[in-house]
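Below: one structure, written as structure tokens.
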Amino acid sequence: MKRKVIAITGGIGSGKSTVAQILQRQGYKVVFCDVLARQAGESRQVVDSVKKLLGESYVKNGKLDRKAIRQRVFADDDLYKSYSSLFYGKVKSLLQNEVDNSDSDVFVEIPVFDAFDFPWDSVWLVKSNRKTQIARVVARDESSRQNVGEIIAKQSFVNVRPNIVIQNDGTAEDLKAQVAQALQKEGLDC
1 MKRKVIAITG GIGSGKSTVA QILQRQGYKV VFCDVLARQA GESRQVVDSV KKLLGESYVK
61 NGKLDRKAIR QRVFADDDLY KSYSSLFYGK VKSLLQNEVD NSDSDVFVEI PVFDAFDFPW
121 DSVWLVKSNR KTQIARVVAR DESSRQNVGE IIAKQSFVNV RPNIVIQNDG TAEDLKAQVA
181 QALQKEGLDC
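Mapping of the sequence shown onto the UniProt record's numbering: position 115 corresponds to residue 115, and the numbering continues sequentially without gaps.
Here it is, written out as structure tokens:
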């Protein structure tokens with residue numbers, strides 16, 4: 001039987017990482033694109049490109065200052081597009097390598113779905129109301145409400161055609177139950 005490659009996407013603070021962690025605890029292979037982006041951001045080529053795009057102050061001790069970069073690029077549409085394009089080729093290559101080297105189904109937690117032209121077998125969209133998203137991110141990242149609002153405004157999921165929608169505004173148990181239902185719909189329930 002062919003293995004499946006399933007995208008788990010959704011806006012910042014929607015709970016897509018929580019869904020991915022639930023799957024990981026159940027023994028499924030999960031790839032986190034944020035981890036791949038960090039790996040890509042360690043490459044000399046990407047660091048040099050970021051310096052060229054944003055300036056020296058966004059690189060500290062040879063590493064990207066992700067918080068400062070996030071605040072700057074999400075406030076400017078053109079800059080956001082330019083910055084994003086620095087990463088996607090490298091991240092896509094790392095992701096393809098993960099998929100190629102897997103013997104089992106692969107779930108991919110992916111924050112910026114539109115950026116990837118990838119042969120997904122299925123797409124899960126995790127949604128949450130805006131107020132909940134903002135509260136989660138402010139608590140998690142110590143970001144300002146304004147900065148989180150700007151990030152949410154930049155994230156568009158209108159082009160996403162999900163096979164499964166998970167509405168994450170309830171309890172942890174509600175979320176686990178929705179994940180179990182999604183697995184069953186995919187034919188992957190244990």
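For every residue, glycine included, the Cβ atom is placed at its ideal position computed from N, Cα and C. These figures come from a predicted structure and were not determined experimentally.
Exercise. Candidates Arg44, Ala75, Glu42: which alpha carbon is nearest residue 192's?
Worked result: Not covered by the structure: residue 192. The range shown for the chain is 1 to 190.
For this session: Give the straight-line distance between the Cα atoms of Gln21 and Glu98, rounded to the nearest whole angstrom.
Result: 17 Å
Problem set entry | alpha helix (DSSP H) runs wholly inside the segment 8-87, at least 4 long, in chain order | 16-25, 33-41, 44-54, 66-73
Problem set entry | Contacts around Gln39, its chain only, beta-carbon distance under 7 Å, and the 5 residues preceding and following it disregarded | Leu94
Exercise. Tell me the DSSP bridge mates of Lys127?
Worked result: Gln167
For this session: Please name the residue, chosen from Gln71, Gln178, Val46, that lies closest to Leu125 on a Cα-to-Cα basis.
Result: Gln178
Problem set entry | Three-way DSSP call (helix, strand, coil) for Val112 in this model | coil
For this session: Determine the closest residue to Asn61 out of Asn129, Val73, Arg72, Arg44, with distance taken between C-alpha atoms.
Result: Arg44
Exercise. If we ignore side chains and look at the alpha-carbon of each, how far apart do Pro119 and Lys176 end up?
Worked result: 26 Å
Exercise. In whole angstroms, what separates the C-alpha of Lys127 from that of Ala153?
Worked result: 14 Å
For this session: Report back the beta-carbon spacing between Gly13 and Arg136 to the nearest angstrom; my notes put them in contact at under 8 Å.
Result: 4 Å
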